[in-house]
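What follows is a set of notes on a single structure, which appears directly below.
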Amino acid sequence: MASVLPLSTHDGDERLPMLLGFQRVGDTTARKTRFMDYGRGIYVYDTDGREYIEATASFYVASLGYQHAELVEAITAQYRELPFFVSALNRTSRTALELAEKLVRRVPIADAHLLFAATGSEAIDFLIKLLYFQGVARGTPQRRTVIGRHGSYHGATLGAASLTGGHHAEFGLPLPGFRHVSQPDWHGRREPGETAQAFAQRLARELEQTIASEPAGSVAAFFAEPMSFSAGFKVPPPDYFPAVTAVLAEHDIALVADEVVTGFGRTGHWFGAETFGLTPTHMTVAKGITSGYFPLSAIAIGPELYADLERGSAAVGTLAHAGTYAAHPVGAAAALKTLEIIERDGLVEHGRRMGELLAQGLNRYATHPLVGEVRTMGLGGCLDFLRRDADDRPVNDEAAADDLCYEVYQALLEAGVVARPAGRSLIVAPPLIVQPTEIDEICRRIGRALDLVLGARAGR
Ligand SMILES: Cc1ncc(COP(=O)(O)O)c(C=O)c1O
């Protein structure tokens with residue numbers, strides 16, 4: 074099945090006729106790029122015929138793995154019936170409605186309504202836009218500031234990139250009306266000896282101060298992933314969300330759970346909000362909803378915002394918002410089948426069990442000389458390369474830990490495992506369909522990569 078592509082027209086150091094995400098633009102050469110050709114289960118194969126375990130489900134997306142026959146069949150069937158139809162002007166597809174009906178029963182928001190989009194970034198931007206509309210509709214247009222967290226990634230469009238907690242300076246962002254508070258990075262940012270509880274309280278005070286520094290009544294929402302993968306697999310201390318949500322409740326500020334990564338089984342429950350006991354006001358989902366077989370995202374809108382949208386649109390005559398590809402019938406069919414398979418095959422529970430094996434496997438490296446901490450949650454885990462000494466002080470600085478993480482990532486890639494370096498943490502989060510022997514293999518190769526890097530460093 075491996076087809077070796079004739080890449081000779083783009084060989085060596087010549088720039089490819091495309092740009093790729095999150096890398097130096099000048100690195101987009103054939104020599105530095107791996108071209109994937111096909112996938113099966115949790116494996117992908119490049120054009121040289123090399124096999125890789127996709128141990129991040131390709132950025133936490135392909136939860137059912139590659140070439141899931143039933144999913145491919147459902148998508149094909151939808152293509153035959155209704156390959157496209159726009160959802161606007163009192164028209165939509167039957168499939169889109171079925172998906173909305175399914176999701177409102179599934180999300181942990183009572184009386185939710187769904188607004189569909191195509192990508193996670195769009196879902197974030199659209200929700201911010203709806204919050205602005207709500208402010209105007211209520212006669213409080215100044216209520217439009219949103220708060221995100223340093224290190225969190227929320228997307229590439231202007232609003233989502235502004236909400237993202239980093240990479241602002243080079244783009245001249247954020248736009249006005251975006252503030253950021255600390256990530257619950259207890260391992261990296263605690264004062265020596267500071268308990269997880271004291272750390273959580275400190276972050277809640279920071280949020281309180283940030284809100285107080287803005288004009289009264291101007292903060293509309295706080296956006297947080299229940300657990301941030303992008304910030305480096307930051308499992309929040311148990312007291313973090315109770316302390317933070319108490320502050321939000323006091324100021325009547327909406328809690329938005331960005332579940333683009335954590336939704337649909339990743340954290341051991343259907344949603345990260347359930348894993349962390351959250352009752353979000355609104356929620357954004359994408360990625361795993363279709364296992365990545367078609368781009369589709371959604372916002373679950375809480376009832377108060379929905380009522381304001383209805384009232385506001387009645388007053389102005391329309392809600393002047395649509396996305397041509399929002400609620401795409403093929404995406405809706407892909408999502409319906411993905412959710413059906415997750416339910417029918419008990420993949421949330423399966424993922425939780427596989428996550429326990431992953432935790433056992435990764436924790437074997439907690440005392441490895443290169444590793445500072447192992448964190449796990451649901452079907453995911455990371456090795457954090459920031460080490461602390463007996464006095465609880467960091468031994469290596471953040472930049473050194475980042476470099477080390479990247480070195481281990483490269484060694485692991487050479488060993489045929491795709492993991493995700495996120496700052497100083499190397500993340501593993503395989504598809505939900507992963508099997509025990511595959512978890513063992515991932516963990517075994519991680520051990521080999523760690524030893525290889527340790528040996529190479531000792532020899533320098
Ligand atoms: C938490 C989170 N939100 C939003 C997004 C943006 O999603 P997309 O890349 O589909 O626009 C991402 C992407 O990785 C994400 O991790």
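Residue numbers (our numbering): 74 to 533.
Ideal Cβ placement from N, Cα and C applies to all residues, glycine included.
**Request:** Please confirm whether serine 136 and arginine 339 have their CB atoms less than 9 Å apart.
**Result:** Residue mapping note: residue 136 aligns to position 63 of the sequence shown, counting from 1. Residue mapping note: residue 339 aligns to position 266 of the sequence shown, counting from 1. For serine 136 and arginine 339, yes; Cβs fall inside 9 Å.
**Request:** Measuring alpha carbon to alpha carbon, tell me which of Pro310, Ala319, Ala502 ends up nearest alanine 269.
**Result:** As a working mapping, residue 269 is identified with position 196 in the sequence shown. Closest by alpha carbon: Pro310.
**Request:** Look up aspartate 475 in the DSSP assignment and say whether it is helix, strand or coil.
**Result:** If you number the sequence shown from 1, residue 475 lands on position 402. Helix at aspartate 475.
**Request:** Could you round the C-beta distance between arginine 216 and glycine 114 to whole angstroms and report it? I think they count as a contact, below 8 Å.
**Result:** The residue you call residue 216 lines up with position 143 of the sequence shown. The residue you call residue 114 lines up with position 41 of the sequence shown. That belief does not hold up - the Cβ atoms of arginine 216 and glycine 114 are roughly 48 Å apart, past 8 Å.
**Message:** So for glycine 221, helix, strand or coil by DSSP?
**Reply:** For the purposes of this step, residue 221 is identified with residue 148 of the sequence shown, where counting begins at 1. Note: glycine 221 maps to strand in three-state DSSP.
**Asked** Nearest to alanine 277 by CA position, among Ala191, Val254, Phe296, Val292, is which residue?
**Response** Your numbering for residue 277 matches position 204 in the sequence shown. Per the Cα distances, Val254.
**Asked** Which residue or residues does DSSP assign as beta-bridge partners of valine 329?
**Response** Looking up residue 329 in the sequence shown gives position 256. Valine 329 is bridged to Phe296, His355.
**Prompt:** At what residue ranges does the region 175-252 contain a whole run of the alpha helix (DSSP H), taking only runs of 4 or more?
**Reply:** 193-210, 231-236
**Prompt:** Helix or strand or just coil, what does DSSP make of alanine 173?
**Reply:** Along the sequence shown, one-based indexing puts residue 173 at 100. Alanine 173: helix per DSSP, three-state reduction.
**Item:** Element boundaries [beta strand (DSSP E), containing proline 494]
**Value:** Working through the sequence shown from its first residue, we reach residue 494 at position 421. Start and end: 493-495.
**Message:** On the DSSP letters alone, give me the boundaries of the beta strand (DSSP E) that serine 498 sits inside.
**Reply:** Sequence index remark: in the sequence shown, residue 498 carries index 425 (1-based). Run containing serine 498: 498-501, per the beta strand (DSSP E) assignment.
**Message:** With the cut-off set at 9 Å, would you say phenylalanine 302 and isoleucine 500 are in Cβ contact?
**Reply:** One-based indexing of the sequence shown puts residue 302 at position 229. One-based indexing of the sequence shown puts residue 500 at position 427. A contact, by the Cβ cut-off of 9 Å.
**Request:** Report yes or no: do three or more beta-carbon pairs, one from the region 381-395 and one from the region 362-373, lie closer than 8 Å?
**Result:** no
**Item:** Spatial neighbours of valine 117 in its chain, beta-carbon cut-off 7 Å, leaving aside the 5 residues before and after
**Value:** Sequence index remark: in the sequence shown, residue 117 carries index 44 (1-based). Met109, Tyr125, Glu127, Tyr139.
**Asked** Is the region 195-211 touching the region 385-394 in the sense that three or more CB pairs, one from each, lie closer than 8 Å?
**Response** yes
**Message:** I'd like to know whether the C-beta atoms of leucine 172 and phenylalanine 189 end up nearer to each other than 9 Å.
**Reply:** Within the sequence shown, residue 172 is the residue found at index 99, counting from 1. Within the sequence shown, residue 189 is the residue found at index 116, counting from 1. Yes; because the gap between Cβ atoms is below 9 Å, this pair is in contact.
**Asked** Taking 8 Å as the line, does the beta carbon of threonine 192 fall inside it for any heavy atom of ligand 1?
**Response** As a first step, residue 192 is located in the sequence shown; it is residue number 119 there, counting from the start. It does: the Cβ of threonine 192 is within 8 Å (strictly closer) of some heavy atom of ligand 1.
**Asked** Which residues mark the beginning and the end of the alpha helix (DSSP H) in which serine 386 is found?
**Response** What you label residue 386 is simply residue 313 of the sequence shown in a count that begins at 1. Segment 376-389, the alpha helix (DSSP H) holding serine 386.
**Request:** May I have the straight-line CA-CA distance separating arginine 530 from alanine 463, to the nearest angstrom?
**Result:** Residue mapping note: residue 530 aligns to position 457 of the sequence shown, counting from 1. Residue mapping note: residue 463 aligns to position 390 of the sequence shown, counting from 1. Arginine 530 and alanine 463: Cα-Cα distance of roughly 23 Å.
**Where glycine 454 falls, given that 16 or more other Cβ within 10 Å makes a residue buried** = To locate residue 454, count along the sequence shown from 1; it is residue 381. Buried, since its Cβ has 16 or more Cβ neighbours within 10 Å.
**Message:** Residues in the same chain with beta-carbon distance under 7 Å from tyrosine 205, minus the five sequence neighbours each way, listed in chain order, please.
**Reply:** Here residue 205 is taken as the residue at index 132 of the sequence shown, counted from 1. Excluding residues within five positions, the ones whose Cβ falls inside 7 Å are Arg217.
**Beta-carbon proximity of valine 421 to leucine 351, cut-off 9 Å** = Against the sequence shown, residue 421 aligns to sequence position 348. Against the sequence shown, residue 351 aligns to sequence position 278. Taking 9 Å as the Cβ cut-off, valine 421 and leucine 351 do not qualify as a contacting pair.
**Request:** With a threshold of 8 Å, establish whether the CB of phenylalanine 132 neighbours any heavy atom of ligand 1.
**Result:** Here residue 132 is taken as the residue at index 59 of the sequence shown, counted from 1. Checking every heavy atom of ligand 1 against the Cβ of phenylalanine 132, one is found closer than 8 Å.
**Request:** Tell me threonine 63's beta-bridge partners as DSSP assigns them.
**Result:** The chain is shown only over 74 to 533; residue 63 falls outside these bounds and no answer can be derived.
**Message:** Going by DSSP in three states, aspartate 418 sits in which element: helix, strand or coil?
**Reply:** For this step, residue 418 is matched to residue 345 along the sequence shown. Coil, per DSSP.
**Asked** In the DSSP assignment, what residue or residues form a beta bridge with valine 117?
**Response** Residue numbering aside, residue 117 sits at position 44 when the sequence shown is read from its first letter. Per DSSP, Gly112, Tyr125.
**Request:** Please look up how many angstroms separate the CB atoms of alanine 233 and serine 286, rounded, as I've assumed it's under 8 Å.
**Result:** In the sequence shown, the residue the question calls residue 233 occupies position 160. In the sequence shown, the residue the question calls residue 286 occupies position 213. Contact flag wrong, Cβ pair sits at about 23 Å.
**Message:** For proline 402 and proline 156, what's the separation of their Cα atoms in angstroms?
**Reply:** Here residue 402 refers to the residue found at position 329 when the sequence shown is read from its first residue. Here residue 156 refers to the residue found at position 83 when the sequence shown is read from its first residue. Each residue's Cα considered, the two are about 7 Å apart.
**Message:** What does the Cβ neighbour count give for alanine 322, buried or exposed, with the cut at 16 atoms within 10 Å?
**Reply:** What you label residue 322 is simply residue 249 of the sequence shown in a count that begins at 1. Classification of alanine 322: exposed, given that the 10 Å Cβ count is below 16.
**Request:** Whole angstroms is fine: what's the gap from threonine 354's alpha carbon to asparagine 469's?
**Result:** Looking up residue 354 in the sequence shown gives position 281. Looking up residue 469 in the sequence shown gives position 396. Cα-Cα distance, rounded: 40 Å.
**Item:** Helix, strand or coil at valine 159 [DSSP, three-state]
**Value:** The count along the sequence shown starts at 1 and reaches residue 159 at position 86. Looking at valine 159 - three-state DSSP - the assignment turns out to be coil, as it is neither helix nor strand.
**Prompt:** In the DSSP assignment, what residue or residues form a beta bridge with threonine 449?
**Reply:** Counting from one through the sequence shown, the residue named residue 449 turns up at place 376. Paired residue(s): Gly454.
**Item:** Beta-bridge partners of tyrosine 139, as assigned by DSSP
**Value:** Residue 139 sits at position 66 when you count from the first residue of the sequence shown. For tyrosine 139, which the question treats as bridged, DSSP gives the partners Gly114.
**Message:** Can you tell me where the alpha helix (DSSP H) holding leucine 321 begins and where it ends?
**Reply:** As a position in the sequence shown, residue 321 is number 248, starting the count at 1. 313-323 is the extent of the alpha helix (DSSP H) around leucine 321.
**Asked** Does the distance from the C-beta atom of isoleucine 414 to that of leucine 144 stay below 9 Å?
**Response** Along the sequence shown, one-based indexing puts residue 414 at 341. Along the sequence shown, one-based indexing puts residue 144 at 71. Cβ distance < 9 Å, so isoleucine 414 and leucine 144 count as in contact.
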